[in-house]
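Our numbering puts the first residue of the sequence shown at 13, with every later residue one more than the last.
Each residue gets a CB set at the ideal place from its N, CA and C atoms; glycine is no exception.
Heads up: the structure comes next, in structure tokens.
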Amino acid sequence: MSNAAISFPMLGNWSICPPNCFTVFGRTIYWYGVIIACGFLLAVSYCYRRCDRDFGITQNDLTDILLFGVPFGIIGARIYYIVFFGNYNTFADMVKIWEGGLAIYGGIIAAAITILVVCRVKKISTLAVLDIVCFGFFIGQCIGRWGNFMNREAFGYETDIFCRMGLTLNGETIYVHPTFLYESLWNLVGFLGLHIFSKKVGRKFDGQYALMYAAWYGLGRMWIEGLRTDSLYIGASGIRVSQLLAGVTFVAASAALFFILRSGKCTPEKLWVNRVKAAAEASETDAAEE
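Dropping the structure here:
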């Protein structure tokens with residue numbers, strides 16, 4: 013399907029056949045990687061703008077986290093894909109990530125573990141870091157899914173729904189669920205909602221935004237995964253691995269949000285950003301007195 017023409021009947025009687033790669037000085041560059049890189053840069057830019065003022069995380073600390081989190085996140089995404097989806101005969105084939113084959117769940121899990129370790133070493137709040145990083149996850153996933161569009165992959169079952177996507181190859185057209193588009197829009201709504209919430213309402217406790225992200229993404233992925241044709245199943249049970257993981261994530265994150273907020277123990281002075289500000293003010297006062 014990599015050379016199939018793409019159409020959306022709801023947008024009119026037209027079709028496009030975008031290439032999935034291009035060449036620079038004789039070297040093949042895949043659009044998937046370019047799109048992922050663009051999503052990453054936009055995500056980092058957003059996080060840098062807000063990390064210090066709103067979360068008490070300096071740009072230098074965020075840079076250190078990214079230097080470790082990004083490569084390990086990519087490795088985790090690749091390992092997850094190889095374990096559950098890949099069929100490789102040699103180690104050389106396993107490391108060719110530029111040819112495609114990354115799983116977002118593996119990347120998120122590996123990045124979260126890396127963040128935990130780095131934060132412990134640097135003695136900064138892991139939960140506060142996760143709160144700002146989850147905005148980046150939303151941005152990266154929203155944009156990154158368009159790499160699937162360029163590759164004609166991660167689509168769903170055949171359908172006649174109004175927003176169906178047509179794939180035409182050798183004169184034959186099938187209409188499928190554009191699940192890459194569903195997930196991109198779901199993450200866009202999640203990002204906009206969380207951005208507005210963070211500006212208008214704000215956090216009650218460190219880790220709140222991370223839980224909100226997990227609940228929202230888990231709910232959407234649980235629905236969207238059920239439409240895809242490339243899911244991995246648990247044996248002959250008929251249960252999709254990613255759909256089960258998404259469901260557990262949604263329930264666990266939602267329950268944690270409910271019980272923490274209901275506990276009434278969330279106070280502003282416990283937020284990492286306020287603790288950092290209080291420590292800075294105390295230091296300035298001591299210096300003035302001396």
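### Message
Please report the straight-line C-alpha distance between residue 56 and residue 72, rounded to a whole angstrom.
### Response
13 Å
### Query
Is the Cβ-Cβ distance between residue 321 and residue 237 less than 8 Å?
Residue 321 is absent from the model: the chain starts at 13 and stops at 302.
### Task
Measure from the alpha carbon of residue 222 to the alpha carbon of each residue in 203, 240, 233 and 239, then state which is nearest.
Checked all of 203, 240, 233 and 239; the closest Cα to residue 222 is 203.
### Query
Taking the alpha-carbon positions, what's the residue 173 to residue 278 distance?
Straight-line Cα distance between these residues: approximately 45 Å.
### Query
The alpha helix (DSSP H) with residue 20 in it runs from where to where?
Careful: residue 20 lies outside any alpha helix (DSSP H) and carries neither H nor E.
#### Entry: Distance between beta carbons of residue 43 and residue 230, contact taken as under 8 Å
Going by Cβ atoms, the distance from residue 230 to residue 43 rounds to 28 Å, so no, they are not a contact pair.
### Under 8 Å between C-beta atoms of residue 146 and residue 196
no
### Query
To the nearest whole angstrom, what separates the beta carbons of residue 149 and residue 127, a pair I think is in contact under 8 Å?
Incorrect: roughly 11 Å between the Cβ atoms, too far for contact.
### Message
Quick check: residue 140 and residue 67, are their CB atoms within less than 8 Å of each other?
### Response
For residue 140 and residue 67, yes; Cβs fall inside 8 Å.
### Query
Could you check where the alpha helix (DSSP H) with residue 29 kicks off and where it finishes?
No alpha helix (DSSP H) contains residue 29, which DSSP labels as neither H nor E.
### Query
Does DSSP classify residue 170 as helix, strand or coil?
strand
### Task
Identify which residue in 214, 99 and 117 has its Cα closest to the Cα of residue 87.
117
### Query
Anyone know if the C-beta pair for residue 20 and residue 162 falls short of 8 Å?
With contacts defined as CB atoms closer than 8 Å, residue 20 and residue 162 fail to qualify as a contacting pair.
### Query
Between the C-alpha atoms of residue 228 and residue 17, what's the straight-line distance to the nearest angstrom?
32 Å
#### Entry: Close Cβ partners of residue 183 (< 6 Å) along its chain, the five nearest in sequence each way excluded
So no residue of the chain qualifies.
### Task
Quick one: grab the DSSP three-state call for residue 278.
coil
### Query
Anyone know if the C-beta pair for residue 206 and residue 224 falls short of 8 Å?
Yes, these two residues count as a Cβ contact at 8 Å.
### Query
In angstroms, rounded to a whole number, what distance separates the CA positions of residue 41 and residue 78?
Going by the C-alpha atoms only, they are around 24 Å apart.
### Query
Which partner residues of residue 58 appear in the DSSP bridge assignment?
Paired residues: none, contrary to the question.
### Query
To the nearest angstrom, how far is it from the Cα of residue 286 to the Cα of residue 171?
51 Å
### Message
Taking the beta carbon of residue 26 as the centre, do at least 16 other beta carbons fall within 10 Å, making it buried, or is it exposed?
### Response
exposed
### Query
Does the Cβ of residue 69 have 16 or more other Cβ atoms within 10 Å, making it buried, or fewer, making it exposed?
buried
### Query
Which whole-angstrom value describes the C-beta separation of residue 192 and residue 215, a residue pair presumed to lie in contact below a C-beta threshold of 8 Å?
So it is not a contact: roughly 31 Å between Cβ atoms.
### Message
Do residue 239 and residue 169 count as a contact pair if the criterion is CB distance below 8 Å?
### Response
Their beta carbons are under 8 Å apart, which means residue 169 touches residue 239 by this criterion.
### Message
By alpha-carbon positions, which one of 270, 283 and 135 ends up nearest to residue 74?
### Response
135
#### Entry: Closest by C-alpha distance to residue 283, when choosing among 50, 138, 234 and 61
Residue 138 holds the alpha-carbon nearest to the alpha-carbon of residue 283 among 50, 138, 234 and 61.
### Message
Shorter than 7 Å, the distance from the beta carbon of residue 246 to the closest heavy atom of the ligand NAP, or not?
### Response
As far as ligands go, the structure on display features none, and thus does not contain the ligand NAP.
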